[in-house]
Each structure stands twice: as structure tokens, then as C-alpha cells.
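For reference, the structure is listed below as C-alpha cells.
Residue numbers (the numbering used here): 2 to 370.
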């Protein structure tokens, strides 16, 4: 007798959690940026307005991907890959690439900017899902996963040249996660991981500013007004929050003390205002999204949907964990947004579109009895 299968509905709880997280992020962007935006742009809502535009566009993107047959995304694998690499290359073109703090990570079009690495991450996920769905038996060997490694490695090369080591690490971890989920054996995986670790050490050594950040991580008080400044201010914010926080909109570190309070270090402001108990609830929401993503992957009807769901869930989880480790001083400081929370239009639009894909996979799955 064949096992019975019940079709599952889409995971609407996932979409609600995503909308809630984006809303919470907007509230804290207002809190973290109101003072600095007023001082810099003469408009306390400058970053909030940009974020709202990103969320509105993200909602449209999420609704589209939620109900567009995800299987048809395969035919966009090559076009999206080409667009990703073209955009990554345009970052280095004078007059097109936008440079901030010595790094070229954005493309400027009038008053708008795009961060190509955000699109490239999804391009890698889509490429891996398409490849492994077509060649399931190749996933167990190093040679079999080589196309995915080369594709991901090419993206990493472009991103590290910007330079942006944090996103490079995220992409590398995403790539390793997907090849492992596809079935790569542990021994073959170690043959990739060990050289990658060596490469990471080399990349830190050859760039003086990375060595400075490492030194600041080991002892931020050695240079409290230089490389150690941001980490110390982040720790001050989290320490001030205590158990229950100083209260919503009452952060003190946001008053020009903590750099990038509305973006990479927004978690510090959140911790200061809602305290440890509030952070536990906040991370419970983040963990819920990861859990629902893994659940959708487990119930996927095919390999393509499984790898898509795993990739989307893992890049969300990887960025969340790395951001949290950075702001708490657990790893060397590096610039990386908190998904669906930090200020940044490209990030919010791409992540919301990806969450729509995740919902799409969840509603096409089934439970076996």
C-alpha cells in the first residue's frame, strides 16, 4: 500500500514573521538614525523613508515570487548570473561605482544605489539549485560540485576586490552549506574548507586594515579612538541595555557615538533599548524564520526546491549570526547588515523576494503519512 500524501498550504506564518521583522527594523532605524539624519541631511526621517520605499518594493517582489511557479526560475539562472557578474564588474568602473570608506561596493544611478553582491548571493543559490537538480549524482564528489565552487569562487573574487571580506565570507559559507546539503561527503568537504581557512588567513595578513581590525578585536582599548572605537561603543550600548533596556527611542549611543547605528550596528541600538530580555524575544523571531525555512526545505517536492530553500535560509541565518557576533565583539568587526532589519534597500528587496520563494517552496510541498 502506497503511503498517503497530504498537500500542505503555504507557510503564511513565515510571511507574517518576515513582515513583522521588517516593521520592527523600520522602527529601530528611525530610533537609531533620527539624530544623525537630522544633523547630516536635515531630515530625521531620511533613512526611514528610504527603508519604507525598499519595503514596499520588497513586498511587491515577495508577492510575485510567492505565487510565481518557482520551478520556472530555472530558465532565469543564466540571465541572472550574467547580470550579477556585469553589476559586480561595474562597481570598479569610474563614475558608476560608488566608493565609501575606501571600498567600492555600490553602483550609483542618480539618487539610487545598488549593491551587486546582494544580487550575486541569490544568483549563486539559483545556480546551485539548478545544477544539482540536473546532476543529482554528482553532488557526492569534489569534481562533481566543482562548477558550483567555481561559480561561487568567481563571485567571491569580485567581492573581495571591492574589498568586502564580510560578504565574501558569507558567500563562501553559503556555498559550502549548499554543496554539503546537496550530498557532498565530509572528506571532500574538508578538502575545500581547509584551503579556504588558509586563504582567509592570507587575506587578513596582506591587508593592513584587516590586521588593525583583528588587533582591535583582541584589545579594543589599545586604540579606543581608532579601530577599537566602534566595538567599544557597541559594547557600551549593549551593556547599558541591561535586562530590560533603557526604553524605546531612548538610546544614548545613537547620538553620534556609534557609527553605522542604523545599518551594520543596529543590533547594538536594539539591545540598548529593549535589553537582554527583549533581545531574546527578537532572536526568537529570527530563529523562527530560520526554522520555517528549514521546514520548507525538508518538505520540498524536488531537489531544486530543496536547494533553493536551504540556500535562502542559510544566507539569512549566516548573516544574522555573523552580525550578532560582530556587534558583541565575538569576532573581529566587519561591515555586514542584519537581514530585513538594517537600513539598505538592495538588501531588504532581495531578502523579501527570497522569502517569497521560500513561501512558494513551502506551499508546493507535501507531508507523507
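By construction, the Cβ of each residue, glycine as well, lies at the ideal position given by its N, Cα and C atoms.
Might you give, ordered along the chain, the residues of its own chain that have their beta carbon closer than 6 Å to the beta carbon of residue 160, omitting 5 neighbours on each side? 118, 168 and 169
Would you list the residues sitting across from residue 113 in a DSSP beta bridge? 110
Pull the bridge partners of residue 100 from the DSSP assignment, please. 105
Please list the segments of the alpha helix (DSSP H) lying wholly inside the stretch 5-82, counting only runs of 4 or more residues, in order along the chain. 13-42 and 47-68
Reduced DSSP category for residue 203 - H, G, I as helix; E, B as strand; rest coil: helix
Quick one, are the C-beta atoms of residue 56 and residue 23 less than 8 Å apart? yes
Just reading off the alpha helix (DSSP H) that residue 237 is part of, what are its end residues? 230-242
How is the alpha helix (DSSP H) around residue 308 delimited, first residue to last? 304-328
Got a sec, what are the start and stop residues for the alpha helix (DSSP H) residue 253 sits in? First-last for residue 253: undefined, no H or E at that position.
Which of the three DSSP states is assigned to residue 332 in this structure? coil
Which same chain residues, not among the five before or five after residue 230, have their C-beta less than 6 Å away from its C-beta? none
Whose CA, out of 239, 240 and 234, lies closest to the CA of residue 257? 234
When DSSP labels each residue in this structure, what does residue 363 get in the three-state scheme? helix
Tell me whether residue 137 sits in a helix, a strand or coil according to DSSP, three-state version. helix
Quick check on DSSP: helix, strand or coil for residue 248? coil
Could you tell me which uninterrupted alpha helix (DSSP H) segments, each at least 4 residues in length, are contained entirely in the stretch 142-195, listed from first to last along the chain? 143-161 and 166-183
From 46, 260 and 186, residue whose alpha carbon lies closest to that of residue 140: 186
Is it buried or exposed for residue 362, if we count other Cβ within 10 angstroms and need 16 for buried? buried
Reduced DSSP category for residue 94 - H, G, I as helix; E, B as strand; rest coil: coil
What whole-angstrom Cβ distance do residue 342 and residue 334 have, given they're in contact under 8 Å? That pair is no contact at about 18 Å.
Can at least three beta-carbon pairs, one atom from the stretch 264-279 and one from the stretch 287-302, be found at a separation below 8 Å? no
Classify residue 119 as helix, strand or coil using the three-state DSSP reduction. helix
From residue 190 to residue 129, what does the alpha carbon distance come to, in whole angstroms? 16 Å
Simplified DSSP state of residue 261, which is helix, strand or coil: coil
Among the residues of its own chain, which have a CB less than 6 Å from the CB of residue 21, if the five just before and after it don't count? none
For residue 297, the three-state DSSP class (helix, strand or coil): helix
Using only CA atoms, which one of 197, 138, 149 and 364 lies nearest to residue 302? 364
Reference residue 284, options 354, 325 and 124, closest by Cα: 325
Considering only the beta carbon of each residue, do residue 357 and residue 64 sit closer than 8 Å? yes
Secondary structure of residue 348, DSSP reduced to three states: helix
Excluding the 5 residues flanking residue 272 on each side, which residues of the same chain have their C-beta closer than 7 Å to its C-beta? 238, 239, 242 and 280
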